[in-house]
Amino acid sequence: MLTRKQMELLTFVHERLKESGVPPSFDEMKDALDLRSKSGIHRLIKALEERGFIKRLPNRARAIEIIRLPEAMQPNLAAQNRAKKFSPSVIQGNLGRVRATPDSANSNDPVLVPVMGRIAAGSPIEAIQTHTHTIGVPPDMLSPGEHFALEVRGDSMVEAGIFDGDTVLIRKSDTADTGDIVVALVDEEEATLKRLRRKGASIALEAANPQYETRIFGPDRVRIQGRLVGLLRRY
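So the number in my numbering is just where the residue sits in the sequence shown, counting from 1, plus 52.
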């Protein structure tokens, strides 16, 4: 799945290629998506290329080729998707669910939790929605509700015991208390793992590493995707 901004950019490039056969410039893409700088466009293009939707042709200016389109943009699926509204979210699909009152006969069975890609414990990266694989997790490591897992990249949370290469277990939630470690979606396009602090009407995303600064946003710029409930590490 794609974030809203990734979908908007792919749609814009696709429509421009259909109209003129020439991909839009970075300035045109920036204006179309109402972004403040071209660096955001670079990140979106890189994400689309990594996911196999586009290919940049070397040594040619403005050379972008669309390799494939998501199902939501396929003509033969238009009727099915006409009534659907695209809702950007780091996580989509079937999530590992733990019942509030589990069946005692199966209470020790592992819970299958989807690993949805990577999460930045450093500078934010593009929001990840790809289900890469599934892991079995002991139910006592989880809380009631739906869960997903993310692979950590970066060292901004080392003083909270979260290291590069760890797998964090996240309970899906759109709310969190101050002090919780959360998956936060910034500006609907970047995902990061940070400690949440509320400062008046603003939201602070705080690292657990003095080398990283705390970033403060307006409440309309941050959307909580889930709260940390556990961690897996390989030695």
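C-beta atoms are modelled at their ideal positions from N, C-alpha and C, and glycine is treated no differently.
Boundaries (first-last residue) of the alpha helix (DSSP H) holding residue i
| i | result |
| --- | --- |
| Ile97 | 90 to 102 |
| Met81 | 78 to 84 |
| Thr186 | Element bounds for Thr186: not the alpha helix (DSSP H) but the beta strand (DSSP E), 185 to 189. |
| Val74 | Element bounds for Val74: n/a, residue is neither H nor E. |
Beta-carbon proximity check, residue i vs residue j, cutoff 7 Å
| i | j | result |
| --- | --- | --- |
| Leu170 | Arg205 | Before going further, note that residue 170 is Arg rather than Leu in the sequence given. It is a contact, given that the beta carbons lie within the stated cut-off. |
| Thr266 | Ala256 | yes |
| Met168 | Phe200 | yes |
| Lys82 | Lys90 | yes |
| Ser208 | Arg279 | no |
| Gly282 | Leu202 | no |
| Val60 | Leu87 | Residue identity differs from the one stated: residue 60 is Glu in this sequence, not Val. Their beta carbons are not under 7 Å apart, which means Glu60 does not touch Leu87 by this criterion. |
| Val163 | Pro196 | no |
| Lys57 | Glu241 | yes |
Top-ranked residue by Cα proximity to residue i, from the options
| i | options | result |
| --- | --- | --- |
| Thr63 | Ser91, Ala259, Asp161, Ile116 | Ile116 |
| Arg103 | Leu54, Gly188, Thr227, Glu211 | Leu54 |
| Ile268 | Arg247, Asn261, Val281 | Arg247 |
| Arg285 | Gly92, Thr219, Asp272, Ala84 | Thr219 |
| Val165 | Gly188, Ile93, Asp272, Ala253 | Gly188 |
| Leu109 | His185, Asn160, Ala173, Val74 | Val74 |
| Ile276 | Asp161, Asp79, Leu194, Ala228 | Ala228 |
| Gln263 | Thr186, Ala173, Met193 | Ala173 |
Contact set for residue i: own chain, Cβ-Cβ below 6 Å, skip 5 residues either direction
| i | result |
| --- | --- |
| Pro76 | Arg68 |
| Ile233 | Arg247, Leu280 |
Proximal residues to residue i (C-beta, below 8 Å), its chain only, five neighbours per side dropped
| i | result |
| --- | --- |
| Val274 | Ala236, Leu237, Val238, Ile255, Leu257 |
| Arg250 | Thr230, Ala256 |
| Ile35 | Because residue 35 is not part of the residues shown, which for the chain are 53 to 287, the question remains open. |
| Asn261 | Asp207, Ser208, Met209, Val210, Glu211 |
| Gly270 | Ala253, Ser254, Ile255 |
Span of the beta strand (DSSP E) around residue i
| i | result |
| --- | --- |
| Glu203 | 197 to 205 |
| Met168 | 163 to 172 |
| Glu117 | 116 to 118 |
| Ile106 | 106 to 108 |
Closer than 6 Å: residue i CB and nearest the ligand COA heavy atom
| i | result |
| --- | --- |
| Arg56 | Judged by which ligands are present, the structure shown has none, so any question about the ligand COA falls away. |
Any C-beta of chain C under 7 Å from that of residue i
| i | result |
| --- | --- |
| Arg205 | Considering every chain present, this structure includes no chain C. It has just one protein chain. |
Kindly provide the ranges of any beta strand (DSSP E) runs that are 3 or more residues long and lie completely inside the region 223 to 287, ordered along the chain.
233 to 238, 242 to 251, 254 to 258, 267 to 269, 274 to 284
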